[in-house]
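Numbering (the working numbering), first residue to last: 1 to 325.
Virtual Cβ for every residue (Gly too), placed ideally from N, Cα, C.
Since the structure is predicted, the reported quantities are computational estimates derived from the model, not experimental observations.
I have placed the structure first, in the form of structure tokens, so that the comments after it can refer back to it.
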Amino acid sequence: MRAVVCREYGTPEDLVLVELPDPTPGPGQVVVRVRAAAVNYPDVLMIAGRYQIKVPPPFSPGSEMAGEVLAVGEGVVDYQPGDRVSATTFVGSFAEQAVVDARGLTPVPDGVDYADAAAFGVTNRTAYYTLRTVAPVQPGDWVVVLGAGGGVGLAAVDIAVMMGAKVIAAASGPEKLEVCRQRGAQAVVDYDREDLKARLKEITGEGGSQIVVDPVGGPYSEPALRSLGRGGKFVTLGYAAGSIPAIPLNLVLLKGITVQGMEIRTFMIDYPDEIARDDAELAQLFAEGRLRPYIGARFPLDQAATALRYVADRKAIGKVVIDVA
């Protein structure tokens, strides 16, 4: 099989495409023939050795995939060869075959495209956990989404709109903002060309916003925090802008604001009672076609480095998919 391999920490351009032996499943594992894989910003950090948890090279990057079960290991009874599945893994998705723990598989409904299945999981779970449990949205709330053109941001726009919120999508460039409008954002702000603080105040009025969803950090966080009304909630999800902002705590004090982090790997530990409910609701929304990822770019497996560079340089709109097959 072919696989994209990170031989040592570095840039997307340091990745290599190699031939590897076909894998064999161990107990409780399955081998998936990967048809599509999705690219996430943490993949860029992973190959650079800058992610919170480091994987020693060599490894094949990629944390989301969809395809068919090829083989099952001892003890696996819920899946059999030919089943359509998606999976979220730590690494290993940028390959023609991948070994996955059977407990991490999700059936893919008939008629659903593999690219949609691969691109749905991480970003939509991140956004749904945030807006359903961590900062529950009420109809009519003003919800500010930073990095709204990216994977997590656009998923947050979709979900907040579905929940009846008035969404302000903040992103860079007219192309990203137009997609946000098409997905239902009530207002948009180009934070690289407009004064973010002034525009948010102009849009929300004296009451301010109720929720800020921030997957980017950098210079955008503080102006968005200042847009919150009394008792508002600011949820930090990551730092795709490249720097971790320092928040003036007097703003939190004066407005009674809550600042909270949401990290998908530890959500089940922090919210053991809510995760089953959130996952079940999200799976139903996907099966019914009410939520689908926006796929802004697709690349073949031999251009995985280009796909990662596309995400690293903040060119992506929505999700980027690698068509492995």
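Query raised in the report: Considering only the beta carbon of each residue, do residue 38 and residue 156 sit closer than 9 Å?
Result: Along the sequence shown, read from residue 1 onward, the residue named residue 38 stands at position 38. Along the sequence shown, read from residue 1 onward, the residue named residue 156 stands at position 156. No. Outside cutoff.
Query raised in the report: Span of the beta strand (DSSP E) holding residue 54?
Result: Locating residue 54 in the sequence shown gives position 54, counting from the first residue. No beta strand (DSSP E) contains residue 54, which DSSP labels as neither H nor E.
Query raised in the report: Would you call the CB atoms of residue 262 and residue 282 closer than 9 Å?
Result: Taking the first residue of the sequence shown as position 1, residue 262 is located at position 262. Taking the first residue of the sequence shown as position 1, residue 282 is located at position 282. In this structure, residue 282 does not lie closer than 9 Å to residue 262 by Cβ.
Report task. Could you name the residues of the same chain whose beta carbon sits closer than 6 Å to that of residue 132, not counting the 5 residues immediately before and after it, in chain order? Result -> By 1-based counting over the sequence shown, the position of residue 132 is 132. Cβ within range, chain order: 278.
Query raised in the report: How would you call residue 124, buried or exposed, if buried means at least 16 neighbouring beta carbons within 10 angstroms?
Result: One-based indexing of the sequence shown puts residue 124 at position 124. Per the 10 Å Cβ criterion, buried.
Query raised in the report: Can you list, in chain order, the stretches of the alpha helix (DSSP H) that have 4 or more residues and sit fully within the stretch 191-256?
Result: 196-204, 221-226, 249-255
Query raised in the report: So residue 224 packs on residue 154, CB below 8 Å; how close in whole Å?
Result: In the sequence shown, residue 224 corresponds to position 224, counting from 1. In the sequence shown, residue 154 corresponds to position 154, counting from 1. Contact flag wrong, Cβ pair sits at about 17 Å.
Query raised in the report: For the 8 Å Cβ check, are there 3 or more pairs between the stretch 251-269 and the stretch 228-236?
Result: yes
Report task. Express the C-alpha separation of residue 22 and residue 32 in angstroms, rounding to a whole number. Result -> Start at 1 with the first residue of the sequence shown, and residue 32 comes out as number 32. Start at 1 with the first residue of the sequence shown, and residue 22 comes out as number 22. Those two C-alpha atoms are separated by around 11 Å.
Query raised in the report: So, are the CB atoms of residue 66 and residue 115 less than 9 Å apart?
Result: Taking the first residue of the sequence shown as position 1, residue 66 is located at position 66. Taking the first residue of the sequence shown as position 1, residue 115 is located at position 115. Taking 9 Å as the Cβ cut-off, residue 66 and residue 115 qualify as a contacting pair.
Report task. Confirm the yes/no value for this check: CB of residue 322, any heavy atom of the ligand NAD, distance under 8 Å. Result -> Among the ligands in the structure shown, none appear at all, so the ligand NAD cannot be discussed.
Report task. Use the C-beta contact count for residue 53: other C-beta atoms within 10 angstroms, 16 or more gives buried, fewer gives exposed. Result -> Walking along the sequence shown from the start, residue 53 turns up at place 53. So residue 53 ends up on the exposed side.
Query raised in the report: Looking only at C-alpha atoms, which of 71, 91, 70 sits nearest to residue 64?
Result: Translated into the one-based positions of the sequence shown, residue 64 becomes position 64. Comparing Cα positions, the closest option is 91.
Query raised in the report: Are residue 322 and residue 286 touching if we call contact CB-CB under 9 Å?
Result: What you label residue 322 is simply residue 322 of the sequence shown in a count that begins at 1. What you label residue 286 is simply residue 286 of the sequence shown in a count that begins at 1. Cβ distance not < 9 Å, so residue 322 and residue 286 don't count as in contact.
Query - C-beta contact flag for residue 48 and residue 10 at 9 Å - result: Sequence index remark: in the sequence shown, residue 48 carries index 48 (1-based). Sequence index remark: in the sequence shown, residue 10 carries index 10 (1-based). In this structure, residue 10 lies closer than 9 Å to residue 48 by Cβ.
Query - Residue interval of the beta strand (DSSP E) (run including residue 258) - result: As a position in the sequence shown, residue 258 is number 258, starting the count at 1. Run containing residue 258: 258-261, per the beta strand (DSSP E) assignment.
Query raised in the report: Considering only C-alpha positions, which residue in the set 84, 28, 170, 5 is nearest to residue 110?
Result: Position 110 of the sequence shown, counting from 1, holds the residue named residue 110. For the residues 84, 28, 170, 5, the minimum Cα distance to residue 110 belongs to 84.
Query raised in the report: Which term fits residue 212, buried or exposed, when burial requires 16 or more other beta carbons within 10 angstroms of its beta carbon?
Result: As a first step, residue 212 is located in the sequence shown; it is residue number 212 there, counting from the start. When all chains shown are included, residue 212 counts as buried.
Query raised in the report: In this structure, does DSSP put residue 300 in helix, strand or coil?
Result: In the sequence shown, residue 300 corresponds to position 300, counting from 1. The answer is strand: DSSP assigns residue 300 an E or B state.
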